[in-house]
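Mapped onto my numbering, the consecutive letters of the sequence shown carry residue numbers 3 to 322.
Using N, Cα and C, we set each Cβ at its ideal position, and we do this for glycine too.
Here the structure is a predicted model, which means the values were calculated and not measured.
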Amino acid sequence: TLCSVDMTAAALLGFSCSRSVVWFCLLAVPLGLGAGSVDAALNNFVALHYAARHMSWLHCFWGIGATAGPVVMALWIARDNNWPAGYLTIGVFQWVLVGVLVLTLPLWKRVEGLREETQEEVRGQDLSLLKALSLPGAKAALIGFFCYSGVETVTNLWASSYAVSGYGVSEDTAAGWSSLFFLGITLGRLASGFLTLKLSTKRLIRLGEALIALGCVILLLPLPVWKIPVALCFVGGGCAPIFPSMLHRTPKVFGEVFSQSMMGMQMACSYTGATLLPPLFGGLSGVVGMWLFPLFLLFFLVLMILGSEGVNRRRAGAED
């Protein structure tokens, strides 16, 4: 985790000094590697050593950071288009985080020490990615992560265009409505942390899927334009518990020996879905129209449900 945050911090500071597209492309490599590595490593650490509520709250604060970053950049751009200062500011925040990680390393080791015997067992076995992929339920889990991230990213990137093109909403208003989606995710993850005290991860995932489905149905109904912000709140609230819950159940469902490999593959599939599905929707909507938006979300929601339930069937009894 420390090395990964180092990579992202260095890349962001590099962005602040770059004036060439070539350098931006080159620096994007360590930025992406660092972000992906910290996702896989940190999520696996929390899944192994902490309760489900901690995973939900971890991702709640991700939502806060994901909201604050663009705001910081927008403030600098508003001041004479000073985007390098925006990257510099975020880079400095990352280096502060590096310092915090260095200072708290003894705490991380102390937590690991509480499970020393288990960790020695995990490190003592050789595990290939192909072996992890052959686990019962692994392919279904990867489909679920691919579709979840696709649904989240398509909603994030295309909801405002859906409101503008389909309903004539002003761009400013549509942007404000889109922010309700991330607000729903952030507040939902804060709330789902407490819900984990009463509900299992399986039930939280199903609850989230039901809320997303409700949001999509609201968009399909012949209602006034106010249905869009309402639906986005439901979709955001539905997304809230799904991703943290799917991550946290990984060690229980697939075993701690396979946990890190499965976590890495799950994050890779998440990034793949987030990369491929938004342009796919853009291409399809350009041909058939923006009315496709809720149907597109519903289609991949169904695939996500099939993947999630496939894990439940193949790994019955592995989790509550």
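When Pro108, Ser162, Thr203 and Thr91 are compared, the shortest CA-CA separation from Ala11 is found for Thr91. Straight across, the Cα-Cα distance linking Ala76 with Gly88 is about 8 angstroms. Where Val102 is concerned, the enclosing alpha helix (DSSP H) starts and stops at Trp85 to Leu105.
Ranked by Cα distance from Thr157, the first of Thr274, Glu173 and Leu182 is Leu182. Pairing Cys271 with Gly139, the inter-Cα distance amounts to about 15 angstroms. Residue environment analysis places Ser172 among the exposed positions, since fewer than 16 neighbouring C-beta atoms fall within 10 angstroms of its C-beta. Burial check for Ser261: the Cβ neighbour count within 10 Å reaches 16 or more, so the residue is buried.
Exclusion of the five residues before and after Leu15 leaves Gly93 as the residues of its chain whose Cβ lies within less than 6 angstroms of its Cβ. Per DSSP, reduced to three states, the secondary structure at Leu225 is coil, with no helix or strand assignment.
Shown here, Ser172 sits in coil according to DSSP, grouped into three states, outside any helix or strand. Spatial neighbours of Arg191 in its own chain (CB-CB distance under 6 angstroms, excluding positions within 5 residues in sequence) are listed in chain order as Ser58, His61, Cys62 and Ala242. In the three-state DSSP reduction, Leu137 falls in the coil class, being neither helix nor strand.
Distance from the CA atom of Val304 to the CA atom of Ile207, rounded to whole angstroms, is 13 angstroms. Per DSSP, Gly275 is one residue of the alpha helix (DSSP H) stretching across Glu258 to Val290. Counting along the chain, Thr198 sits inside no alpha helix (DSSP H), nor does DSSP assign it H or E at all. Between Leu308 and Thr155, the beta carbon gap of about 20 angstroms keeps them out of contact (Cβ cut-off 8 angstroms). Nearest Cα to Ala43 within the set Thr203, Ala30 and Pro253: Pro253. Counting along the chain, no alpha helix (DSSP H) covers Trp293, and no H or E run does either.
With a 10 Å radius around the Cβ and a threshold of 16 neighbouring Cβ atoms, Asp174 comes out exposed. Annotation: Asp82 is outside any alpha helix (DSSP H) and is labelled neither H nor E by DSSP.
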